[in-house]
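Here the sequence shown is numbered in the UniProt record's numbering, starting from 1 and rising by one per residue. We put the CB at the ideal spot given by N, CA and C, even for glycine. From a predicted model like this one, the values you see are computed outputs, not experimental measurements. Right, one structure below, let's go through it.
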Amino acid sequence: MRLAGVQLAVEGGAVEANVERALDRVREAAADGADLIVLPELFDVGYFAFDAYGRAAESLAGDRLARFAAAADDHDVAVLAGTVVEDLSASAADGLDVPAESGLANAAVLFDADGERRLVYRKRHLFGYGSEETDRMVPGERTPVVDLGGVTVGVTTCYDLRFPEQFRGMVDRGVECVLVPSAWPYPRIEHWRTLGRARAIENLAYVAAVNGSGRFGDDALCGRSAVYDPWGTALASVGDEPGVVTATVDPDRVAAVREEFPALRDRR
C-alpha cells in the first residue's frame, strides 16, 4: 500500500479555503499513485482557531466530509480526513454512534477507495497545556482498527502519541500501521520526532505521523511529518513547509520484523 501523508498549509478559521486546498492535495497525491492519503489534524479549521470551532462543526455525515468521500471514490484512493470538528448532536441525529449527545469532538474519518466510511476515531487524549481543546471538545472512547487493502490500520491523533498504552491496545488487535494526524507546534520538535519513532519501535509497526504547517498568531506548527517503518527508521520526512511524505506500507514486512525480533511475544 502506497501511503501519502499531506503536510497541509492550514489557515486559521478559513474552512472553505482549507477544504479546497485539501481536496486539491488529495487529487494530486492520487494522480501520483497513492493508495491511502492522510490529512493532518483539524485541517478544516486550524487547531489554534478555537473561536471558530463552533461555526466549523458539522455532522460526520454532512456535506463537507461527503466531498472527501466523493474524492476517494472518484480517484480510487482511500482518504483519512483527519481530523475535523464534529457536531455530536448533528452526528447523533444522522444515526451515528457518538460518545455524547451534544458538544464537539475532534474526529478523524477514514474512507476507503469506494468512498465508504470505514473508521471513525475521536481523539481520546485532549490537550490542555496552553490549549482550549479540553474546554471545547468531548473525548472519544474507542480506538478502532480496520483492514484496508490488506493492511490492518488504526488511527490516533497528535497528543495521543504520549500515551503508549493506547498504541499497545491496537497492536493486540492486529494493527500494522498507525496513522497519526497532528497539529504539533513549536517548540516541542524533539518530542514529536522521538515519540513517533518510539511508537513504531516498541510496537514493531508502521507509524505515519502527519502534521500540519502554518502559523496561528503566536503559535506555529512544526511540520516535520514522517513515516516510520517497524524498526523505527524514517522512510520519508519533510521540514516545516507544506509537502508530502510517501512510503510503501507492507504487512509482510511487519510480520517479518516481528518474527525476527519477537519483543511483543516477550511481554509479561
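Determine the closest residue to residue i out of the options, with distance taken between C-alpha atoms.
i: LEU126; options: ARG117, VAL120, ARG136 and LEU119; result: ARG136
i: VAL79; options: GLU86, LEU65 and VAL85; result: LEU65
i: GLU58; options: ASP24, ALA108, LEU36 and LEU179; result: ALA108
i: ASP32; options: ALA113, VAL244 and ARG265; result: VAL244
i: GLY154; options: LEU110, ARG55 and GLU260; result: LEU110
i: GLU116; options: GLU132, ALA72, GLU202 and LEU36; result: ALA72
i: PHE163; options: ALA198, VAL10 and THR152; result: ALA198
i: LEU42; options: ARG265, TYR121 and ARG168; result: TYR121
i: ARG267; options: SER237, GLU202 and ARG215; result: GLU202
i: ARG258; options: CYS222, GLY223, ALA200 and ASP240; result: ALA200
i: TYR129; options: PRO185, ARG118, GLY95 and ASP76; result: PRO185
i: ASP240; options: ARG193, LEU60, VAL178 and ALA256; result: ARG193
i: ALA81; options: THR233, VAL238 and ARG67; result: ARG67
Go ahead and label residue i buried or exposed: buried means 16 or more other beta carbons lie within 10 angstroms of its beta carbon, across all protein chains shown.
i: ALA22; result: buried
i: ALA205; result: buried
i: PRO262; result: exposed
i: ALA70; result: exposed
i: HIS191; result: exposed
i: PRO187; result: exposed
i: ARG25; result: buried
i: TRP231; result: exposed
i: GLU101; result: exposed
i: GLU86; result: buried
i: ALA29; result: buried
i: ALA34; result: buried
i: ALA256; result: exposed
i: ALA17; result: exposed
i: GLY223; result: buried
Excluding five sequence neighbours on each side, which residues of the same chain lie with their C-beta closer than 6 Å to the C-beta of residue i?
i: VAL210; result: GLY5, VAL38, PRO40, PRO181 and SER225
i: ASN106; result: THR83, LYS123 and MET137
i: LEU235; result: VAL227, ASP229 and ALA247
i: PRO242; result: GLN7, ALA9 and SER213
i: GLU133; result: LEU126 and PHE127
i: GLU141; result: PRO99
i: THR152; result: VAL145, GLY174, VAL175 and GLU176
i: VAL249; result: MET1, LEU3, VAL151, CYS177 and TYR206
Please return the same chain residues whose Cβ sits closer than 7 Å to the Cβ of residue i, not counting the five positions on each side in sequence.
i: VAL98; result: LEU88, SER91 and ALA92
i: GLY103; result: LEU88 and VAL138
i: GLY196; result: LEU161, VAL180, VAL207, ALA209, ALA226 and TYR228
i: GLY13; result: VAL45, GLY46, ALA49 and ALA52
i: ALA56; result: VAL15, ASP44, VAL45 and VAL85
i: LEU221; result: ALA183, TRP184, PRO185, ASN211, GLY212, SER213 and GLY214
i: PHE216; result: GLY12, GLY46, PHE48 and ALA49
i: ALA113; result: ALA72, ASP76, VAL77 and ALA78
Report all residues from its chain with a CB closer than 8 Å to the CB of residue i; omit the five preceding and five following residues, and keep chain order.
i: GLN166; result: ARG124, HIS125, THR143, THR156 and ASP160
i: GLY150; result: MET1 and PRO251
i: ASP218; result: none
i: GLY169; result: THR143
I want to see whether chain D comes within less than 8 Å of residue i, judged by CB atoms only; does it?
i: ALA92; result: Among the protein chains of the structure shown there is no chain D, as only one such chain exists.
Please give the ranges of any beta strand (DSSP E) in the segment 153-198, keeping only runs that are unbroken, at least 3 residues long and fully inside the region. 177-181
Decide if the segment 167-174 is in contact with the segment 142-149; the criterion is three or more beta carbon pairs, one per stretch, under 8 Å apart. Judged by pairs of C-beta atoms under 8 Å, the segment 167-174 touches the segment 142-149, as three or more such pairs exist.
Quick one: which unbroken alpha helix (DSSP H) runs of 4-plus residues sit fully inside the segment 70-129? Chain order, please. Runs of the alpha helix (DSSP H) inside the segment 70-129: 88-93.
Which runs of the beta strand (DSSP E) fall wholly inside the segment 9-61 and span at least 3 residues, in chain order? 36-38
Start-end ranges of the beta strand (DSSP E) lying completely within the segment 214-249, minimum 3 residues: 219-222, 226-228, 234-237 and 243-248
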